[in-house]
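Going down the list, the protein sequences come from chains A and B. In my numbering, each number is its position in the first sequence, counted from 1, plus 14. In my numbering, each number is its position in the second sequence, counted from 1, plus 1203.
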Amino acid sequence: MSLAPDFGITGYTDRWTARPGERVALHLSADAACRADVRLHRFRRLEPRDGALELVADPVALPPFAVDVAPQTIALGSRFEAALPAGTLPAGGFTLAMLVRPTALDPRGNGLCALDCGAARLALSLAADGRLVLALGAGAETPLRLVLSHALPVGHWSRLALAVDPAGGVALATLAGRRTHAAALETAAPSFAAAGRLTLAADGGADGLPTFNGRIEAPMLLVGAGDPAAAFARLDAFAASGEAGPGAIAAWDFARHIDTARAADVAGGHDGRLVNLPMRAVKGVRWSGREQSWVHAPRDYAAVHFHQDDLADAGWPAAGHLALPDDLESGLYLIEVAGPAGRDTLPVFVEAKRRGERAALAFLAPTFTYLAYANDRCLLHGANPEVLAGRLLALTAGDVALAAHPEYGLSLYDTHADGSGVAYASRRRPCLTLRHTQRAWQGALGSGLWNFSADLLILTWLDREGLACEIVSDDTIDAEGAAALAPYRCVLTGSHPEYHTAASLDAVDGFLDGGGRLIYLGGNGFYWRVAVHAGHPETIELRRAEDGNRSWASEPGEYYHAFDGAYGGLWRRNGRPPQATVGVGYTGQGFLRCHPYRVAAAAADPRAAFLFGGAPPAADTPLGDFGLSGGGAAGIEIDRADGALGTPEHALTLASAGAMDDSYLLANEEVLVNRPTVVGRLSPLLRADLVFFETAAGGAVLSTGSVAWAGSLGDPRPDNDVARLTRNAVDRFLDPAPFVPPQD
Amino acid sequence: MAAMADDLSGLDPATRALAEGFLADPLGEHSPNLQRLLYTLRSAPAEGKHVLVEEVPGRRWRLARLGGRGRPVVLLDERFDDLAAAERRVFLLRLAARGAAGEGAA
């Protein structure tokens, strides 16, 4: 069985985590309209066969279920929209004014704004060279066009005023620095008195241009079509005060409700909405560096950054809803949608109907990390991962489909078309990296499994061991806190639980404070801080602030989340290093091959005897000298113990892998002055530590500090020391007898 | 290997020695000088860069070139059933392109 998607049918679900009895919406598109069968399979394991890993899954008996799947499109790019009731725009004339800072131009041009009121339409766009293009028309008539002789400067703020005079026509003026430019379309303007819509950052047309790349601030509609200098003065006053002043028809203050998709009209009450979540909490014209947070100085952050490749919601209609049986066991399920056009296979984590009823062991599915990496395109057009991979990049069917579908959007690792970092990631779109068949260059030589698919190796091991285990996801602990983990005695992490919100990290800490036992089966965990949007809970925000391994960097002054106002970036730079939770924290990475640990003297400590069946190996014995990920249990992204960063004093480092090859590089946050000893064996900090410690609440933590641990765990060889040690840990961690930290 | 040796005939002796080292073990641990050459070759911009596309996972790969941002992958008519063979082929293609561009040794 492979259930391999070929993406002739492609889809997404409304959720990645569900409970028995719930319905999962299937948002689907097909290359050609067809009827497709929907089947549900329970993931069991991956088995090596003929050089590849073959899926073993159990079909779930469901009533026959078929859906009609039609080709769908996606309107990529973010924009602002506000409805204008009839009579909003005065018959005597009006002016649209705003502050604009383009950041990139598409070769096709970009829409900037449009007024559509009844049959009347006024649109402004940017040509490929940045020149403004004005179009004015009514109904079916060919619009009049005016191409200005000058361009809006990319990377600089301009004031812009568009005055509509029913008698005199349309006058456009811009002011960039001290340079004013003006042009006019001298014709009788149609009436804009009918009900309509103002669109910003797009041209609002059905077959329009790419949307705008750049920032817009203080858009306002003013009564009268007068002197542009007066409009510019009004703009400046509005940007400074947030007050529209007299004679304003509408004035949208983007400094308000920054944690929402709402744009408040402080003059006329015609609130707008931001479609596809353009970036907020970005610097506006007034930012001086005096304040770094929009919470402290909202007027400094009164701009919105639009991108032509923003995507918060693909908006595909649900082709059907899959009803999960009420008695479905917790586990990972694969929703297969297959028809003449092709197949997609959508994973869904099903949690327990009543948590803890069937198992005291839980797997914490790192859904925030899956979302952060969703549609990672770095290998297609971004940074240069081949030098990190140390080998040719091998693309999967999913990668090839992603390249062919830019409209599926970007990941938190990518940059936008204008070079700015992608700070928001939504799951209401096809996320092609979340497939059981996905492999990646980060997965090292061998299986190439990475992130979600590497976690399948942990589930594989659980299945092989016959260990009863339920699923809880990041989404759940973010929403419900430690209570969602409390029914379990022992929780296993994924191979790479990198991204956490404050609430999800609090939940893990709270679980441990309550005596829980945690086995951290990964590396580079609990690293980045993210936030969930209150109005768009399917979307997370990341600021790549200050430090850390970053595929892009947040701009100065933009280190605070829009979604919750918190300081973003590394949890370490938020005062919560991973070592304080799990005893180890990120120290470096290499993506070609992995290495064994070497058993340390501390393994002989009687406190750790249970991990080795009472017979600890001699110091320096290799541990995990094999594996499906890079050929060793230690590698890819690795963590070390460090007392200065919070590793408990009584923690035992049972084994370490310090002999990493020279493709491994020390983490940026460890480097103050760069030096040539940041690679491989030259850096004493560059090691994976296997750490165990007891907690004061009677619980315990075992941390592997390595993404590749899962690759050895999932290896079916009979004499698997990694699997044996992990099983010993699980058995003891499920035993209610309390752990006691050493007393001295 | 005879055909590959022919492909190296235009190289200066130092680069040729490095290339022979790579061709002998493309996925092995490389000398610092060979690693420098590989960093140079692998640092080309994404657009037009050679990559592999899996045809049969773990068993067969097809040569391809990246189209760049927003553009599809371009599949080429060359297939490999061994990753080391693919590494050798692309290494030689890149060396040849580098020679044509008149670049010196790393």
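Where a beta carbon is used, it is the ideal one built from N, C-alpha and C, also for glycine.
Contact check between the segment 504-519 of chain A and the segment 467-477 of chain A: three or more CB pairs, one atom from each, fall below 8 Å, which counts as touching. Under the Cβ distance rule, A:P19 does not count among the residues neighbouring chain B, no pair being separated by less than 9 Å. Taking C-beta atoms as the reference points, A:G329 and A:P224 fail to come closer than 9 Å. In chain order, V414, A417 and A418 make up the part of chain A whose C-beta sits under 8 Å from the C-beta of B:P1275.
Taking A:D82 as the centre and dropping the five residues before and after it, the same chain places the C-beta of R49 closer than 6 Å to its C-beta, in chain order. A:F753 sits close to A:G712, with the two beta carbons spaced by under 9 Å. The shortest CA-to-CA distance from A:P662 to any of A:A265, A:P756 and A:E494 is the one to A:P756. Within the segment 411-444 of chain A, the complete alpha helix (DSSP H) runs of at least 4 residues fall at 411-418. Residue nearest to A:L704 within the set A:G222, A:G396, A:W723 and A:H550 is A:W723 (criterion: CA-CA distance). Close partners of B:G1251 in chain A (Cβ separation under 8 Å) are lacking, with about 11 Å as the shortest Cβ gap.
If you check the CB distance, A:I272 and A:A576 come in under 9 Å. For the C-beta of B:S1246, the chain A residues within less than 9 Å are, from N- to C-terminus, N398, E400 and V401. As computed with DSSP, A:Y600 is found in a beta bridge with A:D653. Restricting attention to beta strand (DSSP E) runs no shorter than 3 residues, the segment 298-349 of chain A encloses them at 317-320 and 332-337, ordered along the chain. Chain A places no beta carbon closer than 9 Å to that of B:L1221, leaving this residue out of the contacts.
Excluding five sequence positions before and after A:R564, the CB atoms of its chain that fall closer than 7 Å to its own CB belong to R558, given in chain order.
The three-state reading of DSSP puts A:T709 in coil, since its state is none of H, G, I, E or B. Relative to A:P331, the option among A:L249, A:R443, A:A388 and A:G222 whose CA is nearest is A:R443.
In this structure, A:G298 and A:A317 form a Cβ contact; the two beta carbons are roughly 4 Å apart against a cut-off of 8 Å. Separation of the CB atoms of A:E95 and A:R211 is rounded to 6 Å, and the pair is thereby assigned contact status at 8 Å. Going by beta carbons, A:D390 and A:I23 fall outside the 9 Å limit. For chain A, the residues of the segment 1262-1292 of chain B that bring a beta carbon within less than 8 Å of one of its beta carbons are R1262, W1264, A1267, L1269, G1270, G1271, R1272, G1273, R1274, P1275, V1276, L1286, A1289 and E1290, in chain order. Rounded to the nearest angstrom, the gap between the Cα atoms of A:T410 and A:A567 is 28 Å.
A distance below 9 Å separates the beta carbons of A:Q86 and A:S43. Residue environment: A:V687 is assigned as exposed (fewer than 16 neighbouring CB atoms within 10 Å of its CB, all protein chains considered).
For the segment 1226-1244 of chain B, residues whose beta-carbon sits nearer than 7 Å to a beta-carbon of chain A comprise L1230, E1232 and Y1242. Taking 9 Å as the cut-off, the beta carbon of A:R29 is found no closer than this to the beta carbon of A:D492. The Cβ atoms of A:L146 and A:L136 lie no closer than 9 Å to each other. Close to B:L1255, with beta-carbon spacing below 8 Å, are these residues of chain A in chain order: L406, L407, A408 and L409.
For the pair of segments examined, the segment 596-610 of chain A was found to touch the segment 646-658 of chain A: the number of CB pairs separated by less than 8 Å reaches three.
Only those residues of the segment 678-692 of chain A whose C-beta falls short of 8 Å from the nearest C-beta of chain B would be listed, and there are none. Assignment of A:V721 by DSSP, reduced to helix, strand and coil, places it in the coil class. One alpha carbon belongs to A:Y438, the other to A:P630, and they sit about 47 Å apart. Residues of chain B with a Cβ closer than 7 Å to the Cβ of A:D675 are, in chain order, E1232. Between A:R695 and chain B, the shortest Cβ-Cβ separation is not below 9 Å.
Close to A:D64, with beta-carbon spacing below 8 Å, are these residues of chain B in chain order: G1261 and R1262.
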